[in-house]
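Counting in this note's numbering, the sequence shown tops out at residue 89, every number present. For glycine and all other residues, C-beta sits at the position ideal for the given N, C-alpha and C. Note that the structure is predicted; figures quoted are calculated from it, not measured.
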Amino acid sequence: MPWQYKLSYLMGQPIGISFINGQGTSGVLCKEFDGKIQIIEYLYNTQFAIKQYDKEIIQDIHGFPSCQKQPRLH
16 MPWQYKLSYL MGQPIGISFI NGQGTSGVLC KEFDGKIQII EYLYNTQFAI
66 KQYDKEIIQD IHGFPSCQKQ PRLH
């Protein structure tokens, strides 16, 4: 499914973005507007940044998978 059709389902969810230049980022999808998407990304410590990306530079977007319950390591 093309990533554009997934945006409404992924709003407010953690996502991973791959760009056409081979780079990527992750964050929570906040908004879609005027050919852009807006996400909030973690920087460090207690700092977060709201960033905007043009849809034209996005190759794909995926929601984070759910965590599988892992056995406890001793």
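{"Item": "What is the DSSP secondary structure of I72, counted as helix, strand or coil?", "Value": "helix"}
{"Item": "Given that a residue counts as buried once 16 or more other Cβ atoms are within 10 Å of its Cβ, and exposed if not, what is I35?", "Value": "exposed"}
{"Item": "Are I55 and G39 touching if we call contact CB-CB under 7 angstroms?", "Value": "no"}
{"Item": "Quick check: the Cα distance between N60 and M16, rounded to an integer number of angstroms?", "Value": "36 angstroms"}
{"Item": "Using the rule of at least 16 other Cβ atoms within 10 Å of the residue's Cβ for burial, across every protein chain shown, is L58 buried or exposed?", "Value": "exposed"}
{"Item": "How would you write the range of the alpha helix (DSSP H) that Q53 sits in, first residue to last?", "Value": "That residue, Q53, is in no alpha helix (DSSP H); its beta strand (DSSP E) goes K51 to Y59."}
{"Item": "Which value, in whole angstroms, describes the spacing of the CA atoms of H77 and Q62?", "Value": "24 angstroms"}
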